[in-house]
Structure formats: C-alpha cells, structure tokens
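Scroll down for the structure; my scribbles are underneath it.
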Amino acid sequence: MIINLPDTDTRVIARQLVTLRETGGIVTTGRVLTLIVLAQRDDDLESIIKAVNNVSREHPARVLVLVAGEPRGGNRLDAELRLGGEAGAAEVVVMHLEGEVGAHPEAIVTPLLLPDTPVVAWWPSTPPQVPAATPIGQIAQRRITDSLADPDANAVYTRRTGYTPGDSDLSWSRLTAWRGVLASALDFPPNGKITSARIEGPGEDPSVDLAAGWLADRLAAPVLRVVTDEPEVPLDADGAAKPPVTKVTLVRRGDEGECTDVVVEVENASTACVTITGRPSFKVALSRRTTVDCLAEELRHLDPDTAYARALRGLGRIRRLTVEQAEQARLDDDAGAHGATPANRTFAHAPEESRR
1155 MIINLPDTDT RVIARQLVTL RETGGIVTTG RVLTLIVLAQ RDDDLESIIK
1205 AVNNVSREHP ARVLVLVAGE PRGGNRLDAE LRLGGEAGAA EVVVMHLEGE
1255 VGAHPEAIVT PLLLPDTPVV AWWPSTPPQV PAATPIGQIA QRRITDSLAD
1305 PDANAVYTRR TGYTPGDSDL SWSRLTAWRG VLASALDFPP NGKITSARIE
1355 GPGEDPSVDL AAGWLADRLA APVLRVVTDE PEVPLDADGA AKPPVTKVTL
1405 VRRGDEGECT DVVVEVENAS TACVTITGRP SFKVALSRRT TVDCLAEELR
1455 HLDPDTAYAR ALRGLGRIRR LTVEQAEQAR LDDDAGAHGA TPANRTFAHA
1505 PEESRR
C-alpha cells in the first residue's frame, strides 16, 4: 500500500499512520526500532528502500527516509507512506524536504519516533564528518555510514578522526565473513608467532584499509597494505563481485625459526584458497556481502562496536604502498639482509596522495 501526502506536515503524517493502524489492519506491535535514513537527491532511493524492506524481515521497524532537497527553495514537505506488501515488516515513511524544512531534520522525525524503542541513523552515501555531532546523530544510539559509497576519497580516515562510540561503517561489516575465515585458518597447526602481515586489495575500497588496521591493532606487528590496480569492487573472470580483500599473507615463525605462513587468497566470487605452510591447501566458501547482509548485522547489536573502533585506531600503524613500491621495498629488504646498499629506500616509503 502506497499513500501520497503532498505538501503536508508531521501532524498529518502521524494522524494518517494512526488511522491506518485503527482501520486498515496495519499491525505495528513487534516493531523493535526506528530507523532514520538520511538520503541525498542523487541517491538510488528505490534501492535504499528495497534494502530496508528486506532488512525489516529480520528487524521489524518504522523507517523514516529523509531526502534532502533544494535548501534555497520554498519550504515544503512531501510524504509517501509505504505499508504492507513489498514493505515487508517495515512501516516506511519517505519524506522529501525542501527549503528550510531540511535544515531541521530532528524536528521532522521526533513526532514520528516509535516510543520506548532504539533509534538508529543510516547515511547511505554522504554522511557528516562527525555523525554524532548532528541533531539526528545525537538522538540515535547507532550511527551507520558507508565509506565505500562516500564521495570523500579518504572517508575511512575521516571516520577515524570523527569517531564516537556508537558509530559503525558498512565497509567494516563487509569483512565479517573474511575475518572468520582468517581466524579459523590460524587454528590449524603448525602454530607460530606472527611477525608481519601483507594485505592486498583495490586502492579505492576502504574495507581493505580497515582490514589492515584491524590486523595492525590485533597483531602488534608490521602490516603492509598493498594497493592493487583492481576496480573499486574487484571482479572475477565471470564479472561477479569478489570480497574486498583479495589476498592476505601472515608471516609466522615457529619456535625454531621455521616458516609457518598463512595465505588466504580469493579465487572467484564465491571461493577462497587457504594455504598453510606444511599442510595441503584447501578451499572455503567466501563471497561478497550485500548491503542487506551488512545492515542487518549492524542492527543485531546496538552497543558500541569496539572491534571497529580498534580497526580505526590501527589505521595509523599500517604501511600503504602500491604494488611497485611493495616490490621495491622487498628488494631493498633483501639487499639489506645481504649487506648491500638499498637502491631506493625512500621510494618504498613514499605515501600515496589519495585513496581514490
């Protein structure tokens, strides 16, 4: 059911929702949270609504979608109510804000919040630098962003600077399955101390940077983040999207100095190969997580994500090089190990100007 309410206000919207509940058989009991979606005019609105509808099957919610309009235009609020059918277990209110109305989103959503339930805010594309400092961020227990969709070339580092407990990022959620595979691989003997790590993936995917930051924080060992020339979303030979991290190597040394390295390398959109020194290689299922998967995961736990906070903290400890720079660094290290003078030590440490 879709009901259009042009040039309206929040009192009319709230009254219409009550009427639908009393006369239309719309059931609201069991809804567990209010999800506020802050979208831009250029965002794919239907894809966003489809995602929250699918997520609502696990997390029934009232969804308030605020679409920012022209701030210099006349004041106007156009609303659209979507209930039942494709809306799943969600009660979706889409509101297009024009003029000064858009400058006060908290005044728009406050009368429509479900009582005695958590509030979560999601910025699908362009979030503020410090989400927790915004009026919506201040009323939300959880603030979800997506550095991959952010036009800011260094969005993940912006998130690090403005981090507040309760912030989260779908670019971090995309790593959950990969982190599980890597942790499981470390359970296999022979064991040894991890002395360094090398992680590879597209330069434009912030998930790879977060993965490197996570390893740097957890391992307390040098982590090299190698920027490959793959597209922002890496593809396999069939054109299907692969997970963000295409290869990771954990260098381990046993008690007697023997090599016990662990390598996890993505082969295609659904499979990764795990290689552990001294053991036969084996394959595991590993695919790229969708926005629905990631958003549903974020809504399962509304307490601060300490693992994400540590991954952000670890970003300052990683060494970020291109493939060419990483190869030069390896040659320099080999030369240094044999007593030779490195050919170009400064080139190996040259920072990249931008992630994108």
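All you need for our numbering is the position in the sequence shown, starting with 1, plus 1154. Note that CB positions come from ideal geometry on N, CA and C, so glycine has one too.
Open item on the list: Check this for me: beta carbons of Thr1382 and Thr1400, under 8 Å apart or not?
Closed with: Yes, Cβ-Cβ distance for Thr1382 and Thr1400 is below 8 Å.
- [ ] Put Trp1276 into one of helix, strand or coil per three-state DSSP.
- [x] Three-state DSSP puts Trp1276 in a strand.
Task: Beta-carbon proximity list for Arg1195, same chain, < 7 Å, skipping 5 on both sides - done: Same-chain partners within the cutoff: Val1221, Ala1222, Gly1223.
TODO: Check each candidate in Thr1460, Val1446, Val1477, Tyr1462 and name the one with the smallest Cα separation from Asn1208.
DONE: For the residues Thr1460, Val1446, Val1477, Tyr1462, the minimum Cα distance to Asn1208 belongs to Val1446.
- [ ] Express the C-alpha separation of Gly1228 and Leu1440 in angstroms, rounding to a whole number.
- [x] Approximately 50 Å, taken between the alpha carbons.
Open item on the list: Is it buried or exposed, Gln1482, if we count other Cβ atoms within 10 angstroms and call 16 or more buried?
Closed with: Gln1482 should be labelled buried.
TODO: Tell me whether the beta-carbon of Thr1280 lies closer than 8 Å to the beta-carbon of Pro1305.
DONE: Pro1305 sits close to Thr1280, with the two beta carbons spaced by under 8 Å.
Open item on the list: The alpha helix (DSSP H) that contains Lys1204, what's its start and end?
Closed with: It spans 1199-1209 - the alpha helix (DSSP H) in which Lys1204 sits, taken as one unbroken run.
Task: Sub-8 Å separation of Arg1216 and Glu1452 beta-carbons - done: Using a Cβ distance threshold of 8 Å, Arg1216 and Glu1452 do not count as a contacting pair.
- [ ] Look at the alpha carbon of Ile1190 and the alpha carbon of Glu1386, and state the distance between them as a whole number of angstroms.
- [x] Pairing Ile1190 with Glu1386, the inter-Cα distance amounts to about 28 Å.
TODO: Taking all protein chains shown into account, decide if Arg1433 is buried (16 or more other Cβ within 10 angstroms of its Cβ) or exposed.
DONE: Classification for Arg1433: exposed.
Open item on the list: Pairs of beta-carbons, one from the region 1416-1424 and one from the region 1364-1377, closer than 8 Å: are there three or more?
Closed with: The answer is no - the region 1364-1377 does not touch the region 1416-1424, with fewer than three Cβ pairs under 8 Å.
Task: Nearest-angstrom Cα separation, counted from Gln1479 out to Pro1272 - done: When rounded, the distance between both Cα atoms is 47 Å.
Open item on the list: Which complete beta strand (DSSP E) runs does the region 1246-1326 hold, if anything under 3 residues is left out?
Closed with: The region 1246-1326 contains these whole beta strand (DSSP E) runs: 1273-1276, 1296-1299, 1321-1323.
TODO: Could you tell me the boundaries of the beta strand (DSSP E) in which Val1377 lies?
DONE: Residues 1377-1382.
TODO: Using 10 angstroms around the beta-carbon of Thr1315, count the other beta-carbons present and answer buried if the total reaches 16, otherwise exposed.
DONE: Of the other Cβ atoms in all chains shown, fewer than 16 fall within 10 Å of the Cβ of Thr1315; this residue is therefore exposed.
TODO: Report buried or exposed for Arg1484, applying the criterion of at least 16 other Cβ atoms within 10 angstroms of its Cβ.
DONE: Exposed: under 16 other Cβ atoms inside 10 Å.
Open item on the list: On the DSSP bridge list, what partners appear for Cys1427?
Closed with: Paired residue(s): Glu1419, Lys1437.
- [ ] Going by CA-CA distance only, name the one from Ile1290, Thr1164, His1455 that's closest to Leu1266.
- [x] Out of Ile1290, Thr1164, His1455, Thr1164 has the C-alpha closest to the C-alpha of Leu1266.
Task: Residue range of the beta strand (DSSP E) that includes Val1186 - done: Taken as a continuous stretch (DSSP letters only), Val1186 belongs to no beta strand (DSSP E), as it is neither H nor E.
TODO: Mind the definition here: the region 1342-1354 touches the region 1389-1408 only if three or more C-beta pairs lie below 8 Å; say whether that holds.
DONE: Contact between the region 1342-1354 and the region 1389-1408 is present: three or more C-beta pairs spanning the two stretches fall below 8 Å.
Task: Rounded C-alpha distance that separates Thr1162 from Ala1366 - done: Going by C-alpha positions, Thr1162 is about 48 Å away from Ala1366.
Task: Environment of Ser1338 [buried if 16+ CB atoms lie within 10 Å] - done: It is exposed - the Cβ of Ser1338 has fewer than 16 other Cβ atoms within 10 Å.
TODO: May I ask which residues mark the beginning and end of the beta strand (DSSP E) holding Arg1328?
DONE: First-last for Arg1328: undefined, no H or E at that position.
Open item on the list: In the DSSP output, what is Lys1401 paired with across the bridge?
Closed with: Per DSSP, Glu1354, Glu1419.
Task: Of the listed residues Val1380, Pro1398, Cys1448, nearest to Arg1473 (C-alpha basis) - done: Checking every option, the nearest Cα to that of Arg1473 belongs to Val1380.
Open item on the list: Considering Cα atoms alone, identify which of Glu1245, Asp1409, Ala1423 is closest to Ala1395.
Closed with: Checking every option, the nearest Cα to that of Ala1395 belongs to Ala1423.
Task: Three-state class that DSSP yields for Glu1234 in the structure shown - done: Three-state DSSP puts Glu1234 in a strand.
Open item on the list: Using a Cβ-Cβ cutoff of less than 7 Å, which residues in the same chain neighbour Gly1256 once the five nearest sequence positions on both sides are dropped?
Closed with: The beta carbon of Gly1256 sits closer than 7 Å to those of Ala1222, Gly1223, Pro1225, all from its chain and outside the five residues before and after it, given in chain order.
Open item on the list: Does Leu1456 come out as helix, strand or coil in the three-state DSSP assignment?
Closed with: Of the three classes helix, strand and coil, the one that applies to Leu1456 here is coil, per DSSP.
Open item on the list: Using CA atoms only, rank isn't needed, just tell me which of Leu1268, Asp1232, His1250 is closest to Ala1244.
Closed with: Comparing Cα positions, the closest option is Leu1268.
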